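Residues 198 to 414 (our numbering) make up the sequence shown, in order.
We treat Cβ as the ideally placed atom computed from N, Cα and C, and that holds for glycine.
Just so we're clear, the structure is a prediction, and the values are computed from it rather than from any experiment.
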Amino acid sequence: MTARPTCKRPVGEDGFTLIEALVALALGALVVTLTLSAVQVAGSVLKGLQSRITAAESLARTGAILAQDTLHALRWRDASGKLIFLGTADAAIFAQAARPTAPWRGASLVRLSVERDGAGGASLYRSEAPLDAAGPGQWQTPVLLRRAPDIVGLRYLDAAGRWQSDWSKAGMPRALAVALAPEGALPALVAEFPPLIEPDCALGQPDRCSLAPEVLP
């Protein structure tokens, strides 16, 4: 009786060969790596988006505060008849009419100040003091409005439409602004002063009023 020859199956016909297994492992590792990379990229994009939203909200909030301050500004003269207004690149001081948000009744003196740190950043602060005929009272604790490396300084708009970093002209500027880097022709945050007259004009005091004497009561 003749023995029947045995038929040998190719290796891997019922399963993976070693090479196939290694390829499958490599593909699995690649899929995991790509998935992790996609998650990291998405997280980075989300973090950057949240940072931009926070910065935009901070900028809008600061702009709203500046607009309210200039809207309620006053032309106020001290006891010597000098108009109270200080304007430099790092500080602005001006009078403001009575507001319900102030901790006292009556006018206020508002101070905006830019403080720079050694790392190239800067902070914008706001403070108030009570103001009456005797002069300003004690300054309140400054409130931080914005802290960012892009704060360049304060700017002032003159009657000719030019922005100045120091205000040495008579009277008050047309607008107050905060310049941010990169500084262009127009500052980032601009708050206009409305047409103002001194409270003393209503009392008929020409030496303490910027209006022509013939229009006084």
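- Around I290, the same chain offers L283, R308 as residues with beta carbons nearer than 6 Å, after the five sequence neighbours per side are excluded.
- Every beta strand (DSSP E) stretch that sits fully inside the stretch 253-331 and reaches 3 residues is listed by chain position as 282-284, 288-293, 304-313, 319-329.
- With a contact defined as Cβ atoms closer than 8 Å, P396 and L306 miss out at about 14 Å.
- The distance from the Cβ of R323 to that of V340 is about 5 Å, consistent with a contact at the 8 Å cut-off.
- Looking at the DSSP output, W364 sits in a beta bridge with G284.
- Where R371 is concerned, there is no enclosing beta strand (DSSP E), because DSSP gives it neither an H nor an E.
- Contact between the stretch 292-304 and the stretch 260-270 is present: three or more C-beta pairs spanning the two stretches fall below 8 Å.
- Annotation for A376: V349, G350, R352, P384, A385 place their beta carbon closer than 7 Å to its own, counting only its chain and skipping 5 residues before and after.
- By the criterion of a C-beta distance shorter than 6 Å, A319 is surrounded in its chain by V311, R313, I348, once the five residues flanking it on both sides are discounted.
- A Cβ-Cβ separation of about 6 Å places D329 in contact with G303 under the 8 Å criterion.
- L224 sits in a helix when the DSSP states are folded into three classes.
- The continuous beta strand (DSSP E) containing I348 extends over residues 348-354.
- Within a 10 Å sphere around the beta-carbon of E254 sit fewer than 16 other beta-carbons, which makes this residue exposed.
- Contact between L354 and R371 holds: CB atoms are separated by about 4 Å, below the 8 Å threshold.
- Contact annotation, L263 with A388: C-beta distance approximately 4 Å; criterion of less than 8 Å satisfied.
- Between G334 and D275, the C-beta gap is not smaller than 8 Å, which leaves the two residues out of contact.
- The C-beta of L224 has fewer than 16 other C-beta atoms within 10 Å across all chains shown, which makes the residue exposed.
- In its chain, beyond the 5 residues on either side, S324, A326 have a beta carbon closer than 6 Å to the beta carbon of W336.
- Nearest in C-alpha terms to M369, of all of P391, P300, A378, is P391.
- Just measuring C-alpha positions, the residue of I281, G381, G315 sitting nearest K366 is I281.
- In terms of Cβ geometry, A299 and S362 do not form a close pair [threshold 8 Å].
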